[in-house]
């Protein structure tokens, strides 16, 4: 159970970030209070923190959508996760696949985005809002965050996060929905949540899960070492120890298993190279035959 909750906590950070960015009016507050088949969902302090940000912070976060960071991180793609009424495995896979295959965010865009959040969410960051701290830390430590989400199997190229969650979903016979994620993190277990935590550890003690744990720990350690001007009071040791107790000591080595790699993004120069090659082809053809109809290409 500890492992699944820790993995889903990472996912909830992702969902909450999307909720803030995509919905500046913040209806996510009502979403978290929505009744479930097993009764009303009681908000935990963590869930409440995700849904309460200052207006200034919400506006600043939503402004990133149209900027370079919004494009390279595929923030729009996160919308489908929160809006899904069914299993979130496919929307997660679609988002991760696009975000991890796109050109990595450039330093200038990241610096600009972090400045926007630092200024617009100043009060929220000082108050240690989990959502604000998560947003700022994800941007200032983009490389480590990307490495965690972009872990993938070397054998078939499948991404680890949707793969691990998909295994749990298949073994439990229940669908992992946004509502089930929130209820599990908040501590109010539904029937589906109980099915999730009851799956045998072999379901999630896999190389892919090992990679997620390792990269998550590296990400958190990097943020703690250099919080980029904000207070950051979180550590990876407790979660790593809990998971290692379940899956074995190797899960605490902060290393990638030999069967897993980090997906490499497309080069930012790919488009330019393609254009250069096209122009080179046209120029060569024209030099050989001045009457060559360039307009036909």
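In mature numbering (1 follows the signal peptide of the UniProt record, and there is no 0), the protein residues as written are -22 to -1, 1 to 275.
Cβ coordinates follow ideal geometry from the N, Cα and C atoms, glycine included.
Predicted model, so just to flag it, every value in this text is computed and none were measured.
Below 8 Å, enough C-beta pairs join the region 118 to 132 and the region 66 to 81 to call them touching: three or more. The three-state reading of DSSP puts residue 106 in coil, since its state is none of H, G, I, E or B. Where residue 133 is concerned, there is no enclosing beta strand (DSSP E), because DSSP gives it neither an H nor an E. About 6 Å separates the beta carbons of residue 103 and residue 114, which is inside the 8 Å limit, making them a contact pair. When the Cα atoms are used, residue 209 and residue 124 turn out to be separated by approximately 22 Å. The Cβ atoms of residue 35 and residue 99 sit closer than 7 Å to each other. DSSP places residue 239 in the uninterrupted beta strand (DSSP E) bounded by 238 to 240. In the three-state scheme derived from DSSP, where H, G and I count as helix and E and B as strand, residue 137 is classed as strand. Per DSSP, the continuous alpha helix (DSSP H) segment holding residue 47 begins and ends at 46 to 50. Annotation: residue 170 to residue 152 spans about 6 Å, alpha carbon to alpha carbon. Burial is judged here by how many other beta carbons sit within 10 angstroms of a residue's own beta carbon; residue 148 has fewer than 16 and is exposed.
Check the Cα spacing between residue 66 and each of 156, 48, 238: the tightest is with 156. With a threshold of 16 other beta carbon atoms within 10 Å, residue 158 meets it and is buried. Under the three-state reduction of DSSP, residue 188 is assigned to helix. Excluding the 5 residues flanking it on each side, residue 92 has same chain C-beta neighbours closer than 6 Å at 117, 118, in chain order. Here residue 39 carries a helix assignment [DSSP, helix/strand/coil]. Of the residues 192, 177, 139, the one whose Cα lies closest to the Cα of residue 222 is 192. DSSP places residue 172 within a helical segment (H, G or I) once states are collapsed to three. The C-alpha of residue 50 lies about 34 Å from the C-alpha of residue 225.
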